[in-house]
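So the protein lines, in turn, are chains A and B. Letter by letter, the first sequence follows residues 1 to 247 in the working numbering. Letter by letter, the second sequence follows residues 1001 to 1240 in the working numbering. Note that CB positions come from ideal geometry on N, CA and C, so glycine has one too. Following: one structure in structure tokens, then a few remarks.
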Amino acid sequence: MNVEIAGLTRHFGRNQAVAGVDLEAGPGVFGLLGPNGAGKTSLLRMMATVLSPSSGKMRLLDRDPGSYGPRREIRRRLGYLPQNLGYYPSFTVVEFVEYFALLKEMPAARVPAAVATAVERADLGDKARAKLRTLSGGMLRRVGIAQAIVNDPELLLLDEPTAGLDPEQRVAFRALLRDLGERATVVVSTHLVEDVGAACTEVALMNAGKIVFRGTPEQLTARGEGHGVGDAPLERGYSAVLTEARS
Amino acid sequence: MMQRPGWDAAPPDVDLRGVWTAVAAQVWRRKPGPFERLAGWLLRSPGLARALVTTPSLLLGWIIATVVVLGAGAAVTSGTGVPLVALLAPALAAAGIAYAYGPGIDPAWELTRSMAVSDRMVLLVRALAVFGLNAALGLAASAVSLSVGSGAAAAVTFGWLLPMTAVCALALAAATLARSANVGVAAGLGGWAITVVAAGGSSGRFTALTDSSFVLPYLAFAACCGAVVLYATRIPRGLS
């Protein structure tokens, strides 16, 4: 298992963002759904080793992120796209992706080819030498995806990766997700239920800091049978599970 | 994700994607500047060297502003005898240190925190680089404004270098604890202002507490602030 989490919590003052999450995930694309404030981003940030848990146990890539050496090794094999991608406006696309390849401690000789591959996979070849300040929001999102996959990660954490992408790019991105998920564990936090249906092999639905559903997209769809809210079958499943959890 | 036109028509034994990527890697390859290459060699980490050259308070505009302020201070000091260089150098360095790294200052701070090169190392090398540059600029300004003689080195050391160390450490500790560069700057400038005003009250002119008897207190204070920074950037244990 690449992700093993038990009883994970995180408080921000009195607010409990994550309230005891248990999760195991191996290779594949894992969708994390839930309404705003459900705790998805906090959970992803803890898995990215950016945020420390308040309590609970977590092992990533069969290592303990609480110790310096294993944590560094995890980070070498990790790809992370935060919800709000900060960037250096004067950097070009290639410079930005290369910067994070170096910070992931990739061997310097491998970096140029890895950067070129990541930029091409994110469909940014035509903008490789463009300054980041000249790019649209959707293109910046793809730059974020390129830096996340530059080290060919074993664990890839993507927070709202399709925000700002146009429909054609989203279809291409789902294909990339499926490709990445054949070797790595890809955890995708999203509001877009259709992304989960098209790309994910497994899905978890969070509400109020807890996982209230875990299964395949087909099982989530089945939960929505007879439920009136939602335009698509998967949306009805999402809505049905949330309604049940809130009651 | 990308499939360029014509790739489908390539013979099966030709990997056009691989050829294209290899060519692109060479064409797009960035050549690091001499400073970055030197930093990479000294630090034994190309990633850390790249993080160093992206330090916000080492950007050209910031350096030019520091040179201009210290240059004006040196001119006033040599013309009037008012020790402006000694008063300006610690404040400028403290602001530079506080604006070296952190949320709201480094755009990619969150991403950098998830990287194998630890953010504590990024903070350390950036703080050292900013401190070193400001110390060099302060020395140059002092050389212009001080008459070179046997007492010049002591005047520089006790006049601003030691206080600068303590004020920079305070700014760094406050910025790290509060996770705010502005808080760091406020603490550094506030601490320095109190020191100057307190010395001015006893001597009748605005100057720093520069007596050699303050060496140990300044160093002890800097060491305490350094310990606070180390504690605030530690890796939490026992949760995994």
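Report the residues of the stretch 1110-1124 of chain B with a CB closer than 8 angstroms to any CB of chain A, ordered along the chain.
Glu1110, Leu1111, Thr1112, Arg1113, Ser1114, Met1115, Ala1116, Val1117, Ser1118
Counting only Cβ pairs nearer than 7 angstroms, list the residues of chain A close to Gly1047 of chain B.
Leu102, Leu103, Glu105
Look at the alpha carbon of Thr1021 of chain B and the alpha carbon of Ala109 of chain A, and state the distance between them as a whole number of angstroms.
Between the alpha carbons of Thr1021 of chain B and Ala109 of chain A lies a distance of about 15 angstroms.
Please look up how many angstroms separate the CB atoms of Val186 of chain A and Leu156 of chain A, rounded, as I've assumed it's under 8 angstroms.
Between Leu156 of chain A and Val186 of chain A the Cβ distance is about 5 angstroms, and since that is below 8 angstroms, they are a contact.
Pro1034 of chain B CB to nearest chain A CB: under 9 angstroms?
By this cut-off, Pro1034 of chain B is not an interface position.
With a threshold of 6 angstroms on Cβ separation, who are the neighbours of Ser1091 of chain B within its own chain once the five nearest residues in sequence on each side are excluded?
The displayed chain sequence assigns Ala, not Ser, to residue 1091 of chain B. Here the set comprises Leu1189, Trp1192.
For Trp1028 of chain B, return the contacting residues in chain A, with the cut-off set at a CB-CB distance below 8 angstroms.
Under the 8 angstroms cutoff, chain A gives Val94, Pro112, Val115, Ala116, Val119, Ala128, Arg129.
Shorter than 9 angstroms from the beta carbon of Gly125 of chain A to some beta carbon of chain B?
yes
For Gly31 of chain A and Leu177 of chain A, I'd like the C-alpha separation in whole angstroms.
Rounded to whole angstroms, Gly31 of chain A to Leu177 of chain A spans 11 angstroms at the Cα level.
Going along the chain, which residues of the stretch 165-183 of chain A sit with their C-beta nearer than 9 angstroms to a C-beta in chain B?
Gln169, Ala172, Phe173, Ala175, Leu176, Asp179
Given that Thr1021 of chain B touches chain A, what residues does it touch there, using C-beta distances under 8 angstroms?
Ala113, Ala116, Thr117, Glu120
What do you reckon, is the C-beta of Gly1081 of chain B under 8 angstroms from a heavy atom of the ligand SAH?
Looking at this structure, you won't find the ligand SAH or any other ligand, since it has none at all.
Which residues in chain A sit within 9 angstroms of Thr1054 of chain B, going by Cβ to Cβ distance?
For Thr1054 of chain B, the C-beta contacts it makes with chain A under 9 angstroms involve Tyr88, Phe91, Tyr99, in order along the chain.
Within 9 angstroms of any Cβ in chain B, is that where the Cβ of Thr190 of chain A sits?
no
Can you check DSSP and say which residues form a bridge with Ile5 of chain A?
A:Leu23, A:Met58
For Val187 of chain A, return the contacting residues in chain B, with the cut-off set at a CB-CB distance below 9 angstroms.
Under the 9 angstroms cutoff, chain B gives no residues; its nearest Cβ is about 13 angstroms from Val187 of chain A.
Of all Cβ atoms in chain A, is any one closer than 9 angstroms to the Cβ of Ala1100 of chain B?
no
Give me the subset of the stretch 35-52 of chain A whose CB atoms are less than 7 angstroms from a CB atom of chain B, sorted by chain position.
Ala48, Thr49, Val50, Ser52
Are the beta-carbon atoms of Ala133 of chain A and Ser90 of chain A separated by less than 9 angstroms?
The residue you asked about is not Ala; residue 133 of chain A is Arg in the sequence shown. Cβ distance < 9 angstroms, so Arg133 of chain A and Ser90 of chain A count as in contact.
Ala1051 of chain B versus chain A: which residues are under 9 angstroms apart at the beta carbon?
Tyr99, Leu102, Leu103
Is the distance from the Cβ of Ala1089 of chain B to the Cβ of Gly1184 of chain B below 9 angstroms?
Annotated as distal: Ala1089 of chain B and Gly1184 of chain B, with beta-carbon spacing of 9 angstroms or more.
State yes or no: is the beta carbon of Arg1017 of chain B nearer than 9 angstroms to at least one beta carbon in chain A?
Chain A has a Cβ within less than 9 angstroms of the Cβ of Arg1017 of chain B.
Counting only runs that start and end within the stretch 161-201 of chain A, where is the beta strand (DSSP E) found for 3 or more residues in a row?
185-189
Using 8 angstroms as the Cβ pair cut-off and three pairs as the minimum, do the stretch 62-76 of chain A and the stretch 231-240 of chain A touch?
no
For Val171 of chain A, count the other beta carbons within 10 Å of its own beta carbon; 16 or more makes it buried, fewer makes it exposed. Which is it?
Exposed: under 16 other Cβ atoms inside 10 Å.
Residues in its own chain within less than 7 angstroms of Leu1128 of chain B by CB, not counting five upstream and five downstream?
none
Could you work out which residues of chain B lie near Ala108 of chain A, taking near to mean beta carbons separated by less than 8 angstroms?
Pro1046
Between the Cα of His11 of chain A and the Cα atoms of A:Ala38, A:Gly34, A:Val29, A:Asn2, which residue gives the shortest distance?
A:Ala38
Short of 8 angstroms in beta carbon distance, which residues of its chain neighbour Asp166 of chain A, apart from the five on each side in sequence? Order them along the chain.
Gly138
Would Ala1232 of chain B and Leu1177 of chain B be called neighbours here (beta carbons separated by less than 9 angstroms)?
yes
Who are the near neighbours of Met106 of chain A in its chain, counting only those whose CB is closer than 7 angstroms to its CB and skipping five residues on each side?
The answer, listed in chain order, is Ala114, Asn151.
Do you know how far the Cα of Leu1016 of chain B is from the Cα of Gly144 of chain A?
26 angstroms
Out of B:Asp1119, B:Ser1114, B:Pro1056, B:Ala1166, state which residue places its alpha-carbon closest to the alpha-carbon of Leu158 of chain A.
B:Ser1114
Kindly list, in the order they appear in chain B, the residues whose Cβ is closer than 7 angstroms to that of Pro82 of chain A.
What Pro82 of chain A touches in chain B, judged by beta-carbon distance under 7 angstroms, is Glu1110, Leu1111, going in chain order.
Answer with yes or no whether the minimum CB distance from Ala1127 of chain B to chain A is below 9 angstroms.
no
Roughly how many angstroms separate the alpha carbons of Tyr238 of chain A and Ala1108 of chain B, rounded to a whole number?
33 angstroms
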